[in-house]
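Going by UniProt numbering, the first residue of the sequence shown is number 1, and it counts up by one from there.
The beta-carbon is built from N, C-alpha and C at its ideal position, and this holds for glycine as well.
Notes follow once the structure below has been shown.
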Amino acid sequence: MPKNKFQEVIFTIMMVFVMVYAMICYNISLNMGGMSNEVFLAAFHELIIMGPIAFILDFFLVGPIAKKKAFMIVNPQKDNPFMIVLAISVLSIIGMCPLMSLAATLLFKDAGNQIIAVWFQTTVFNFPMAFFWQLCFAGPIVKKVFWVIFREEQKEEVAFD
């Protein structure tokens, strides 16, 4: 887990890239009626727009709220670190999925006067994918890469504690 603001920024950028890119691929494939190679390239065009939105929402709004709410459920001093990460991750998904679905609805779907219905449908379609992708793939992969990048700093901090 990040130990300072710099590490938080790097961790958030990494997580945003992995989550948002996958979710964009998922949504484009839904719109196209299936997955194809062109989905991967098309997703980069939306990532340029959706990535910064996700970073701002996660770093400044959803992330802090998810941590605060998670620490009402789990105790960092007593509970298993896995349970703490799980609580924060689930609460982040609960906050980010509807907000990112709203952004996608406003920016990429021609919802017209059906905006609420389209947003709701988009959220319902996105939630299971976001949930399982985050918990089973994105979270573990990003945490592992993050640990590899910052392992020396982690060791130094442990040595000084």
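Test item: CB-CB of residue i and residue j under 8 Å
i: M1; j: A138; result: no
i: F17; j: G51; result: yes
i: L30; j: F125; result: yes
i: F108; j: E46; result: yes
i: F150; j: M14; result: no
i: I115; j: T123; result: no
i: A42; j: I28; result: yes
Member of the options whose CA lies at the smallest distance from the CA of residue i
i: V74; options: W119, F60 and V90; result: V90
i: K67; options: F6, I88 and F150; result: I88
i: L99; options: I141, A130, F82 and D110; result: A130
i: F6; options: L86, E38, F59 and T123; result: F59
i: C97; options: M32, M83 and A54; result: A54
i: L102; options: F120, F71, M32 and A70; result: F120
i: E8; options: M35, I56 and E38; result: I56
i: F82; options: K3, V148 and P140; result: P140
Where residue i falls: helix, strand or coil (DSSP)
i: S92; result: helix
i: G139; result: helix
i: N126; result: helix
i: D58; result: helix
i: M35; result: coil
i: A42; result: helix
i: N27; result: helix
i: A111; result: coil
i: V20; result: helix
i: P98; result: helix
i: P2; result: coil
i: K68; result: helix
i: Q121; result: helix
i: residue 165; result: Since the first residue shown for the chain is 1 and the last is 161, residue 165 is missing from the structure and cannot be characterised.
Count the CB pairs spanning the region 130-145 and the region 90-99 that are closer than 8 Å, and state whether there are at least three. yes
Counting pairs of Cβ atoms below 8 Å between the region 39-58 and the region 23-31, do you hit three or more? yes
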